[in-house]
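*Asks:* Residue numbers for the sequence shown follow the working numbering, beginning at 681 and rising by one. Ideal Cβ placement from N, Cα and C applies to all residues, glycine included.
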Amino acid sequence: MPQNSKTITVTNDGVTLPIPSIVTGRGFITGKSGSGKSNTASVVIEELLKNRCPLLIIDTDGEYRGLKEKFKDLIHVGQKEESDVELTLERVDLITDLALIQGAPIILDVSTFKTEQSKSIINEVVTLLFHKEKEHRKHFLIVIEEVHEFIPQQGGVDELAQNIIRIAKRGRKRGLGICGISQRPSAVDKDFITQCSWSVWHRFTWAIDKKAVNQTLGVDYANQISSLKTGEAFLVTDWDETTRVTIKQKETFDEGATPHTSDIVRPTFKSDQSELIEQLRSIEGPPPKLDPNALRTELTSKNSRIKDLENRILELTSELDANPPLPSTKRIEPSKPVSLPNPSPNKLLEDSIESINANTKKQTTADVSQDFSPIWELGQLILYLWRVSLRGFLIILVKLIGIFKIKL
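Next up, the structure:
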């Protein structure tokens, strides 16, 4: 064991692990379901939290919410009712800042996400932490549950797997440690397992997993692995010999364990939890989650409406083909009727008399300047008599017309 290092105790008989080697190292906790694997992971995390060690837990099954009951400064980020903050991709950058720079312990609960969504979030987290550690150089531990889902032995290596293995190989130089947890060692990329500086191996019964134990620990341990009791494990470290240990019971609870009542010291941080939560909440995420059933119903309705409209378009197209429109012609607007005066006969005769009088007066005025002569005087007299006779005739005609109208 490294000299002069603070330690955590993981067994009832006093077996300890050096904190720096756990926080900045590469760890692996494995065992079949019911062998004590999850309890061991919780014990290690609890002990680190007691010592105020900064860490981030990637919780794929929602198993670590019980830690929040004891360690009140833990921030649970997820999409459950008990989550302190909703987990969105937009908030990942600040989450890594709070965890790495301010030392806030965080549970990143991705148990409600689909596989591709959770991978996208986890990839962003590990990538940011790796790059930020280059600048800040702070001791920090990433705990990843069901690590075989992200760094599988078979099926190819994607970007997330490459980033996790990169941390396993190069993270220690930056102070960034990682601990993977899995119930299937045979399914985990061997490049990760071979990089581990400490590991805990619980019971296995499947031949394929016992083969993985044989390849890593040797045949002697592979022959004993199936006989281990619940809670028993082989503890393998770079600084000590492999030993058979019994991990103590965790102090927090989950759905598969009974909580213990022993008191523990809760870690303190520079920033209050509520302030950190408000910082995270200030970053707007995507719109609220929608009900998939409601979306399917709406989609069905819209598709039906689209189908109806398409059928109507076909009907209208058929009608146009059967009855093509007439050629377009320029419409000639009818001319407005000319309004002509329609005076009464009396008015017409009166106007005629007025016209005669006006012309006579005009002619008389014009002729005044003519030289006086008997011939001219005779002509004027004849003209006068003619005009008077015509005027009288017109007056009589007007009266006769009036009488005729009355009789009608």
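Would you call the segment 725 to 738 in contact with the segment 863 to 876, where contact means no fewer than 3 C-beta pairs closer than 8 Å?
*Replies:* No, the segment 725 to 738 is not in contact with the segment 863 to 876.
*Asks:* Mind reading off the beta-carbon distance from valine 665 to glycine 860? Whole number of angstroms is fine, and I expect it under 8 Å.
*Replies:* Residue 665 cannot be examined here, being either before or after the span of the chain that is shown, 681 to 1088.
*Asks:* List the endpoints of the continuous alpha helix (DSSP H) containing threonine 820.
*Replies:* Before going further, note that residue 820 is phenylalanine rather than threonine in the sequence given. Premise fails: phenylalanine 820 lies in the beta strand (DSSP E), 820 to 824, not in any alpha helix (DSSP H).
*Asks:* For alanine 779, list the residues DSSP reports as bridge partners.
*Replies:* Bridge partners of alanine 779: none, in fact.
*Asks:* Between the beta-carbon of isoleucine 787 and the beta-carbon of aspartate 753, is there less than 8 Å?
*Replies:* No; because the gap between Cβ atoms is not below 8 Å, this pair is not in contact.
*Asks:* Do leucine 735 and phenylalanine 751 come within 8 Å of each other at the CB atom, strictly closer than that value?
*Replies:* No; because the gap between Cβ atoms is not below 8 Å, this pair is not in contact.
*Asks:* Count the other CB atoms within 10 Å of the CB of glycine 857; is the residue buried (16 or more) or exposed (fewer)?
*Replies:* The residue in question, glycine 857, is buried, as its Cβ has 16 or more Cβ neighbours within 10 Å.
*Asks:* May I have the straight-line CA-CA distance separating aspartate 773 from glutamate 804, to the nearest angstrom?
*Replies:* If I take the Cα positions, the gap works out to 8 Å.
*Asks:* Quick one: grab the DSSP three-state call for threonine 795.
*Replies:* In the structure shown, threonine 795 sits in a helix (DSSP, three-state: H, G or I).
*Asks:* For the beta strand (DSSP E) containing valine 757, list its first residue and its last residue.
*Replies:* First-last of the beta strand (DSSP E) with valine 757: 755 to 758.
*Asks:* What does the alpha-carbon distance come out to for the pair glutamine 875 and isoleucine 847?
*Replies:* If you take the alpha carbons of glutamine 875 and isoleucine 847, they lie about 10 Å apart.
*Asks:* Taking only the alpha-carbon atoms, compute the straight-line gap between arginine 732 and glutamine 782 and give it to the nearest angstrom.
*Replies:* So the two alpha carbons sit approximately 12 Å from each other.
*Asks:* So what's proline 698 in DSSP terms, helix, strand or just coil?
*Replies:* The answer is strand: DSSP assigns proline 698 an E or B state.
*Asks:* To the nearest whole angstrom, what separates the beta carbons of phenylalanine 830 and leucine 840, a pair I think is in contact under 8 Å?
*Replies:* So it is a contact: roughly 5 Å between Cβ atoms.
*Asks:* Could you tell me whether the segment 754 to 764 touches the segment 787 to 801, using the rule of 3 or more Cβ pairs below 8 Å?
*Replies:* Because the criterion of three Cβ pairs below 8 Å is met, the segment 754 to 764 and the segment 787 to 801 touch.
*Asks:* Taking DSSP's pairing of strands, which residues face aspartate 739 in a bridge?
*Replies:* The partner list for aspartate 739 (beta bridge, DSSP) reads Asp789.
*Asks:* Please report the straight-line C-alpha distance between isoleucine 635 and lysine 818, rounded to a whole angstrom.
*Replies:* Since the displayed the chain opens at 681 and closes at 1088, residue 635 lies outside it and no answer follows.
*Asks:* Just to confirm, are lysine 812 and threonine 768 a CB contact at a threshold of 8 Å?
*Replies:* No.
*Asks:* Measure the alpha-carbon distance for asparagine 1003 versus glutamate 995 and round it to whole angstroms.
*Replies:* Their backbone Cα atoms lie some 12 Å apart in a straight line.
*Asks:* What are the partner residues of glycine 857, as DSSP defines its beta bridges?
*Replies:* In the DSSP output, where bridge partners are listed per residue, glycine 857 has Leu821.
*Asks:* Taking DSSP as the reference, what is the three-state secondary structure of isoleucine 883?
*Replies:* The amino acid occupying residue 883 in the given sequence is arginine; isoleucine does not appear at that position. In the structure shown, arginine 883 sits in coil (DSSP, three-state: anything other than H, G, I, E or B).
*Asks:* Indicate the three-state DSSP secondary structure (helix, strand or coil) for phenylalanine 949 in the structure shown.
*Replies:* With a pLDDT of 34 at phenylalanine 949, under the threshold of 50, the modelled position of that residue is not reliable, and no figure is offered here.
*Asks:* Name the residue from Thr923, Asp871, Lys853 and Asn843 whose alpha carbon lies nearest to the alpha carbon of tryptophan 881.
*Replies:* Checked all of Thr923, Asp871, Lys853 and Asn843; the closest Cα to tryptophan 881 is Thr923.
*Asks:* For leucine 908 and arginine 883, what's the separation of their Cα atoms in angstroms?
*Replies:* Those two C-alpha atoms are separated by around 5 Å.
*Asks:* According to DSSP, is alanine 784 helix, strand or coil?
*Replies:* Correct three-state label for alanine 784: coil.
*Asks:* Let me check one thing: in DSSP terms, what residues is serine 862 bridge-paired to?
*Replies:* Answer is Thr710.
*Asks:* Looking at isoleucine 688 and leucine 697, is the spacing between their C-beta atoms short of 8 Å?
*Replies:* Going by C-beta atoms, leucine 697 is nearer than 8 Å to isoleucine 688.
*Asks:* What three-state label does DSSP hand valine 724 in the structure shown?
*Replies:* DSSP places valine 724 in helix when its eight states are reduced to three.
*Asks:* At the level of alpha carbons, what is the spacing between alanine 779 and lysine 849?
*Replies:* Their backbone Cα atoms lie some 22 Å apart in a straight line.
*Asks:* Starting from valine 925 and walking both ways along the beta strand (DSSP E), at which residues does that stretch end?
*Replies:* Start and end: 923 to 926.
*Asks:* By the three-class DSSP mapping on this structure, what secondary structure does glutamate 815 have?
*Replies:* The answer is helix: DSSP assigns glutamate 815 an H, G or I state.
*Asks:* Report the CB separation of threonine 910 from tryptophan 878 in whole angstroms; it is logged as a contact under 8 Å.
*Replies:* So it is not a contact: roughly 21 Å between Cβ atoms.
*Asks:* Quick check: the Cα distance between leucine 915 and lysine 712, rounded to an integer number of angstroms?
*Replies:* So the alpha carbons of these two residues sit roughly 16 Å apart.
*Asks:* Where does the unbroken alpha helix (DSSP H) through leucine 747 begin, and where does it stop?
*Replies:* First-last of the alpha helix (DSSP H) with leucine 747: 747 to 750.
*Asks:* Look up leucine 915 in the DSSP assignment and say whether it is helix, strand or coil.
*Replies:* Leucine 915: strand per DSSP, three-state reduction.
*Asks:* Would you tell me roughly how many angstroms separate the C-alpha atoms of valine 695 and isoleucine 927, rounded to the nearest one?
*Replies:* Taking the straight line from one Cα to the other gives about 9 Å.
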